[in-house]
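Undergrad:
Residue numbers (my numbering): 11 to 322.
(1) Find the nearest neighbour of residue 183 within the set 310, 233, 53 and 215, judged by alpha-carbon distance.
(2) So if DSSP puts residue 300 in a beta bridge, which residue, or which two residues, is it bridged to?
(3) If you draw a straight line from the alpha carbon of residue 113 to that of residue 139, how long is it in whole angstroms?
(4) If you pair each beta-carbon of the stretch 275-284 with each one of the stretch 167-187, do three or more pairs fall below 8 angstroms?
(5) Going by the CB atoms, is the gap between residue 276 and residue 180 shorter than 7 angstroms?
(6) Could you have a look at residue 227 and say whether DSSP puts it in helix, strand or coil?
(7) If contact is defined by three or more beta carbon pairs under 8 angstroms, each pair taking one atom from either stretch, is the stretch 113-129 in contact with the stretch 139-153?
(8) Please state whether DSSP places residue 141 in a helix, a strand or coil.
(9) Among 91, 119 and 170, which one has its Cα closest to the Cα of residue 325?
(10) Whose CA, out of 209, 73, 265 and 215, lies closest to the CA of residue 170?
(11) Could you pull the DSSP bridge partners for residue 208 from this structure?
(12) Quick one: Cα of residue 82 to Cα of residue 60, how far?
(13) What residues in its chain sit with their C-beta under 6 angstroms from that of residue 41, if we drop five residues either side in the sequence?
(14) Exposed or buried, what is residue 32 when buried is set at 16 or more other beta-carbons lying within 10 Å of its beta-carbon?
(15) Express the C-alpha separation of residue 68 and residue 307 in angstroms, rounding to a whole number.
(16) In chain order, what residues of the same chain have a beta carbon less than 6 angstroms from the beta carbon of residue 303, not counting five sequence neighbours either side?
(17) Quick check: the Cα distance between residue 259 and residue 251, rounded to an integer number of angstroms?
(18) Looking at the strands, I want to know which residues DSSP matches up with residue 111.
(19) How would you write the range of the beta strand (DSSP E) that residue 80 sits in, first residue to last?
(20) Considering only residues of the stretch 113-180, which uninterrupted beta strand (DSSP E) runs meet the minimum length of 3 residues and lie entirely inside it, listed in chain order?
(21) Going by C-alpha to C-alpha distance, which of 222, 230, 247 and 246 sits closest to residue 284?
(22) Which of the three DSSP states, helix, strand or coil, is assigned to residue 239?
(23) Cα separation between residue 166 and residue 256?
(24) Cα separation between residue 51 and residue 294?
(25) Starting from residue 247, follow the beta strand (DSSP E) in both directions and report where the run begins and ends.
(26) Give the range of the beta strand (DSSP E) segment to which residue 193 is assigned.
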């Protein structure tokens, strides 16, 4: 399985390579429609060009989990060295008491797993309260609540965002009745975005979004006011010099002026749909597409004609 790094997933168990002490925080975000994750006390690294943009508010299903940490002896050494150079007697007794769980496992084969969480999730604090800070497990096993490949995929999905459509129109400033208004996107050729979530030395998962098509809402439900051309594909077709009305495949032909509408404009909305796939099909489920929209005001006027009186 190419998405696994140096290890394999066997019957739900992670076979672990050595993991360095400490950890890094993978940062995305999760605010409104701009979804993502803020990983704390985590070794997971989130990377890729899919960070930043507009998503659908997708949230990681579980706000906290265990990640593999140090072996028994290294963990005991780290905990012993973690005390300040001077602490009150009462705190010293508490520190000695906290060491007992690590001393009990000293010399044993296995690994300590520790808490990690998504700070962006409002349920994270309650989730952590229901977990022990550390849990020791034998080699080749994952504790209840331990991070899984499916959850790593979910973290990558939550961090995945797509850009807001940059809508271009022709005519740009004002259109006219029965004149085709061309619609296309100018996103710099960016048609795919990806995010990879990696737990170093353990496993990795990549989620990819691919732009599929755009749809146009002309700003009216009345088909007597507007006719939509819907052969748009992923980005529409830019207007080109010499184009005729027959060349218009993606756009709108407004059949009535906008003077009687609120603000005297049609509110044209373009929605870009992105299909989401998990690289290498490492999990047996699929994600819904991501949609991102942008709106442009389109004033539409009547074509004026001038009638001249002939000379008697």
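By construction, the Cβ of each residue, glycine as well, lies at the ideal position given by its N, Cα and C atoms.
TA: Quick look at the numbers:
(1) By 1-based counting over the chain shown, the position of residue 183 is 173. Measuring from the Cα of residue 183, the nearest candidate turns out to be 310.
(2) For the purposes of this step, residue 300 is identified with residue 290 of the chain shown, where counting begins at 1. Residue 300 is bridged to 284.
(3) Numbered from 1 along the chain shown, position 103 holds the residue referred to as residue 113. Numbered from 1 along the chain shown, position 129 holds the residue referred to as residue 139. Whole-angstrom Cα-Cα distance: 24 angstroms.
(4) In short, these stretches touch, since the Cβ pair count reaches three.
(5) Translated into the one-based positions of the chain shown, residue 180 becomes position 170. Translated into the one-based positions of the chain shown, residue 276 becomes position 266. No, they are not a contact pair.
(6) The sequence position of residue 227 within the chain shown is 217, counting from 1. Under the three-state reduction of DSSP output, residue 227 falls in the strand class.
(7) Taking 8 angstroms as the limit for Cβ pairs, the verdict is that the stretch 113-129 does touch the stretch 139-153.
(8) Start at 1 with the first residue of the chain shown, and residue 141 comes out as number 131. Residue 141 falls in the coil class under three-state DSSP.
(9) No answer is possible for residue 325: it lies beyond the span of the chain, which begins at 11 and ends at 322.
(10) In the chain shown, counting from the first residue as 1, residue 170 sits at position 160. When each option's Cα is compared against that of residue 170, the closest is 215.
(11) Mapped onto the chain shown, residue 208 falls at position 198. Paired residue(s): 55 and 214.
(12) Start at 1 with the first residue of the chain shown, and residue 82 comes out as number 72. Start at 1 with the first residue of the chain shown, and residue 60 comes out as number 50. If you take the alpha carbons of residue 82 and residue 60, they lie about 38 angstroms apart.
(13) For the purposes of this step, residue 41 is taken as the residue at position 31 of the chain shown. Since pLDDT at residue 41 reaches only 46, below the 50 mark, its modelled position is unreliable, and no value is offered.
(14) Start at 1 with the first residue of the chain shown, and residue 32 comes out as number 22. Any reading at residue 32 needs caution, since the residue's pLDDT is 39, under 50, leaving its predicted position unreliable; the model's value is listed next. Around the beta-carbon of residue 32, fewer than 16 other beta-carbon atoms lie within 10 Å, marking it exposed.
(15) Position 297 of the chain shown, counted from the first residue, corresponds to residue 307. Position 58 of the chain shown, counted from the first residue, corresponds to residue 68. Inter-residue distance for residue 307 and residue 68 is about 29 angstroms (C-alpha atoms, whole angstroms).
(16) Numbered from its first residue, the chain shown carries residue 303 at position 293. Contacts found: 279 and 281.
(17) Taking the first residue of the chain shown as 1, we reach residue 259 at position 249. Taking the first residue of the chain shown as 1, we reach residue 251 at position 241. Rounded to whole angstroms, residue 259 to residue 251 spans 15 angstroms at the Cα level.
(18) The count along the chain shown starts at 1 and reaches residue 111 at position 101. Per DSSP, none; premise fails for residue 111.
(19) The residue given as residue 80 occupies position 70 in the chain shown. Its beta strand (DSSP E) spans residues 74-81.
(20) Listed in chain order, they are 121-128, 144-147 and 177-180.
(21) Taking the first residue of the chain shown as 1, we reach residue 284 at position 274. The shortest Cα separation from residue 284 among 222, 230, 247 and 246 belongs to 222.
(22) Taking the first residue of the chain shown as position 1, residue 239 is located at position 229. If DSSP states are grouped into helix, strand and coil, residue 239 belongs with the strands.
(23) Along the chain shown, one-based indexing puts residue 166 at 156. Along the chain shown, one-based indexing puts residue 256 at 246. The alpha-carbon atoms of residue 166 and residue 256 are separated by roughly 44 angstroms.
(24) Locating residue 51 in the chain shown gives position 41, where the first residue counts as 1. Locating residue 294 in the chain shown gives position 284, where the first residue counts as 1. Straight-line measurement puts the Cα of residue 294 at about 28 angstroms from the Cα of residue 51.
(25) Position 237 of the chain shown, counted from the start, is the residue given in the question as residue 247. Run containing residue 247: none; DSSP gives neither H nor E here.
(26) Position 183 of the chain shown, counting from 1, holds the residue named residue 193. Unbroken beta strand (DSSP E) run through residue 193: 190-195.
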